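The C-terminal position of the sequence shown is numbered 286 in UniProt numbering, with every residue numbered one higher than the one before it. The C-beta atom is built at its ideal place from N, Cα and C for all residues, glycine as well. Note that this is a predicted model, so its numbers are computed, not measured. Heads up, the thing below is written out as structure tokens.
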Amino acid sequence: MTTTTAATARPTASARLRRTPWDLYAALAATVLFALAALWPQLLASQGPFSMDLANTLQPPTGAHWFGTDEAGRDLFSRVVHGTSASLGIGIGAAAVSLGFAVLLGTLAALGNRVTAAAVGWLLEVAFAFPALLLSLLLIAVLGPSILTLILAVGIGTAPGYARMVRGQILSAKGSPYVEAAVALGHSRARILRQHILPNSLRPLVAVFALSIGQSIVWASSLSFLGLGIAPPAAEWGALLDAGRGYVTVAGWLTVIPGLVIVVLALTTTTLGRHLQTFLEKGEKR
């Protein structure tokens, strides 16, 4: 008697590519462009961000000036490109500060002794209820506007929400079957934390970090638009919004184009974070 075993064919590389969502390809392409603009802006922009041409002020987008010019005749495309490094630096720095505080406070709230957990938990609830924008304004008022202040203000302002998420993840992991099995096997508390609780609790933060970069840039740009961030004529996206708001009726591109660039970056990081989260969740199920 002959037994026939059905072989499951592995998907080819082309089949895997066809199944990859188009938005992921778009996000990866946008990431490459933003990385080029941040690291080698001279490859994309031939003019300097502060080169003035008073004979061509407030010119609309043309073939010579793709994004138009500002009130001093500076090429807006060059200023947007050269401002990418500052804006990305603020976003990445603020996301790192936010998640750093979140991991510290969330871990203390979930794993500390009764007094520490209660105190940190109460602090998180108060900070979460406190308007993040108001907290950012207070920090800027005390420290003064600068890139470092923006990073701290946005990072600290958004940390409480992430800290509550970390606390919830750790508490959920503490009650999971694999932790109970490790306790039954006599593993030490330190080993359980190191091998089971913390890795499984903090893994989602990889995707959250990507998501928070775009959110942080939007926050920082909003503060700059209110005149509380980096002051013009700096080539930073929020500063470009601030400089262009006085010309909305006569040169709307000065605010619309930098705003669209911020939106594209936020959508890019959100898309990457979402797909990264899906990938990590599939890895956990295997």
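For residue i versus residue j, is the C-beta spacing smaller than 8 angstroms?
i      : j      : result
Ile90  : Leu152 : no
Thr84  : Pro145 : no
Ala159 : Ser222 : no
Ala109 : Arg167 : yes
Leu241 : Gly259 : yes
Gly238 : Thr255 : no
Ile213 : Ile92  : yes
Ala102 : Val154 : no
Ala27  : Thr278 : no
Ile197 : Val218 : no
Leu134 : Ile156 : no
Leu104 : Arg164 : no
Based on DSSP bridge pairs, tell me the residues matched to residue i.
i     : result
Asp70 : Asp70 is not bridged to any residue.
Where does residue i fall in DSSP's three states?
i      : result
Asp242 : helix
Ala7   : Confidence at Ala7 is low in this model, with a pLDDT of 45, below 50, so its placement is unreliable and the value that follows should be read with caution. Coil.
Asp75  : strand
Val81  : helix
Pro128 : For the sequence presented, residue 128 should be read as Phe rather than Pro. Residue state, collapsed to three classes: helix.
Pro232 : coil
Met1   : With a pLDDT of 44 at Met1, under the threshold of 50, the modelled position of that residue is not reliable, and no figure is offered here.
Ala55  : helix
Leu44  : coil
Ala181 : helix
His275 : helix
Ser98  : helix
Ala64  : coil
Val248 : coil
Gly112 : coil
Pro49  : coil
Gly144 : coil
Gly186 : coil
Leu88  : helix
Quick check on the DSSP output: the alpha helix (DSSP H) that includes residue i runs from which residue to which?
i      : result
Asn200 : 198 to 202
Met165 : 147 to 174
Gly214 : 205 to 225
Thr31  : 22 to 39
Arg191 : 189 to 192
Using only CA atoms, which one of the options lies nearest to residue i?
i      : options                        : result
Ala234 : Gly175, Ile147, Arg191         : Ile147
Gln215 : Thr278, Gly273, Val32          : Gly273
Ala86  : Ala38, Val142, Leu205          : Ala38
Gly252 : Phe67, Leu28, Thr31, Ser46     : Phe67
Arg203 : Gly186, Ala220, Pro177, Ile170 : Ile170
Ser46  : Ala96, Thr62, His82            : His82
Gly73  : Ile140, Leu54, Leu139, Asn113  : Leu54
Ala96  : Phe209, Thr249, Ile217, Ala184 : Phe209
Ala266 : Leu211, Val80, Lys282          : Leu211
Gly48  : Thr249, Leu76, Gly106          : Leu76
Ala207 : Leu185, Ala182, Gly112, Leu280 : Leu280
Val80  : Asp23, Gln195, Phe50           : Phe50
Val261 : Trp22, Leu24, Thr31            : Thr31
Glu71  : Gly63, Trp122, Val142, Gln59   : Gln59
I'd like to confirm something about residue i: is its beta-carbon nearer than 7 angstroms to some heavy atom of the ligand COA, or not?
i     : result
Ala26 : In terms of ligand content, the structure shown is empty, and the ligand COA therefore cannot be addressed.
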